[in-house]
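Using full-length UniProt numbering, you'd call the opening residue of the sequence shown number 1 and step up by one each time. C-beta: ideal position from N, C-alpha, C; glycine also. Some notes on the structure that comes next.
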Amino acid sequence: MMEQGYFYRDTWAEVDLDAIKENVQSIKRILPNEVQFIAVVKANAYGHGAVQVAQTALQAGATYLAVAFLDEALALREQGIDAPILVLGASRPRDVSVAAQHHVTLTAFRTDWFTEAQQFLEKNQVLNVHVKIDTGMGRIGIRDKEEVKAICDFVKKDSRFFLEGVFTHFATADELDDNYLRGQHQRFLEILSVFKEKPKLIHCSNSAATLRFPFALFNGVRVGIAMYGLTPSREMEPLLPFELKEAFSLHSQLVHVKKLQKGEKVSYGATYETGEKEWIGTVPIGYADGWIRRLQGQEVIVEGKRTKIVGRICMDQCMINLPHALPVGTKVTLIGKQQDENISCNEIAQKLETINYEIPCIISNRVPRVYMRSGKMVELQNPLLHNDH
């Protein structure tokens, strides 16, 4: 499939940039014009590739990016991305000068953060800040109105801080029962009443709330999982206003094929025994790639048909049952479509008893990312070799 020089193994992930673009545009169509689309590209864009996804989202109409840590924001800046970036997580006060220098917006969530941070800002620097309100998530955030008033007073006295935004995060937006969310929304409104001058950007809707609750939009939304074509929860699937296009797929190729006799064992622990003569194929992906041992027994797609992983998954390889002898180099799809069959991230998540968010995130950087547009490769990222094309 790939020209020599790109990568030297037979396993790769494909990221459909057209799908991400379409998801962003579909979400934007249901939003009022004044609502800014904040594209969440933390955790290497949920395993998809932060730079490529950020560029695609911005081209599709996103106006802001969001990451978890300052390091992630700086990595985007190093790649030439100059769009506004918000760090959603905690940043150390001593690093505010670096953030200001690179025009990165930080989240503030306690009064003493400001008093510590002012010691590290230079006289001519201005730091954009969004204040995080904890309305019921229980992570970082301010819960007290008086503390919010104190922050507003502090910012007025120190012009090096620009209070650009205020936000909260819903804990249950992807659940059918919306009572808790409505309580959080009400608490957020109460906190907003403290601000004599409302910040420029007010946002509390994640993907689930953006798709379900127009009353919670304010003038900004933070879209993560839906941008990648994944439903925030299985319960929400019937409630989607349009179809999301899954962007991530995972593929490999057979590197060895052998015929085993009845009663032979496969892999560590000899946990699989052939019931009759069987063709077994070896696939070069294992738990060091994020294809973890609990996926033993999971189906994959070969020649458009499903077959199972047999025996324990090894660090770098796993074995599958084949219907008949197949040539080395035959494509194996672990996530995604092949002919009429499809294995979604949701299916893998269900097998692992987790959520679909985790699936692309855990596919490690040993697996090269191939970026696709109109069915053709436009870019390749191989962190192991740093030979991007």
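- In its chain, beyond the 5 residues on either side, I309 and K351 have a beta carbon closer than 6 Å to the beta carbon of Q298.
- Below 8 Å, too few C-beta pairs join the region 238 to 247 and the region 263 to 272 to call them touching: fewer than three.
- Here the alpha carbons of F154 and V126 stand approximately 14 Å from one another.
- If you check the CB distance, I355 and L295 do not come in under 9 Å.
- DSSP, read as helix, strand or coil, puts M319 in strand.
- Pairing I285 with Q186, the inter-Cα distance amounts to about 48 Å.
- I359 sits in a helix when the DSSP states are folded into three classes.
- As for any beta strand (DSSP E) of minimum length 3 sitting wholly inside the UniProt domain "Alanine racemase C-terminal" (247 to 372), the runs are 248 to 253, 256 to 260, 278 to 283, 299 to 302, 305 to 310, 318 to 322, 331 to 338 and 341 to 343, ordered along the chain.
- The C-beta distance from V41 to L65 rounds to 6 Å, short enough to meet the 8 Å contact threshold.
- The beta carbon of G336 sits closer than 6 Å to the beta carbons of S249 from its chain, once the five residues preceding and following it are set aside; these are given in chain order.
- Here the region 219 to 227 does not lie against the region 178 to 194, with fewer than 3 beta-carbon pairs under 8 Å apart.
- Distance from the CA of V370 to the CA of I151, rounded to the nearest whole angstrom, comes to 45 Å.
- The closest CA to that of E353, considering only F242, P93, I292 and T11, is found on I292.
- Boundaries of the beta strand (DSSP E) around L86: I85 to V87.
- In this structure, the alpha-carbon of R110 lies about 28 Å from that of D82.
- By the Cβ test, the region 25 to 32 is in contact with the region 207 to 223, since at least three Cβ pairs between them sit closer than 8 Å.
- Around the beta carbon of F242, fewer than 16 other beta carbons lie within 10 angstroms, which makes this residue exposed.
- By the Cβ-count criterion, R222 is buried, with 16 or more other Cβ atoms from all chains shown falling within 10 Å of its own Cβ.
- In the three-state reduction of the DSSP assignment, H169 falls in the coil class.
- Positions of the beta strand (DSSP E) runs, each at least 3 residues long and wholly inside the region 126 to 151, are given as 127 to 132 in order along the chain.
- Annotated three-state conformation of H48 is coil, per DSSP.
- Looking at M315, Q184 and Y272, the one whose alpha-carbon comes closest to that of I133 is Q184.
- In the structure shown, M377 adopts extended strand secondary structure according to DSSP, grouped into three states.
- DSSP places S26 in the uninterrupted alpha helix (DSSP H) bounded by L17 to R29.
- A68 carries a coil assignment under DSSP once its states are collapsed to helix, strand and coil.
- Looking only at Y268, G281 and L260, the smallest Cα-Cα distance to T274 is reached by L260.
- If you draw a straight line from the Cα of I280 to the Cα of R306, it is about 14 Å long.
- For G61, the secondary structure class from DSSP, reduced to helix, strand or coil, is coil.
- When the alpha-carbon of K123 is set against those of S159, A108 and T135, the nearest one is in S159.
- Distance from the CA of L322 to the CA of H103, rounded to the nearest whole angstrom, comes to 54 Å.
- Pairing S233 with D174, the inter-Cα distance amounts to about 6 Å.
- Between V257 and T282, the C-beta gap is smaller than 9 Å, which places the two residues in contact.
- In the three-state reduction of the DSSP assignment, L192 falls in the helix class, which pools H, G and I.
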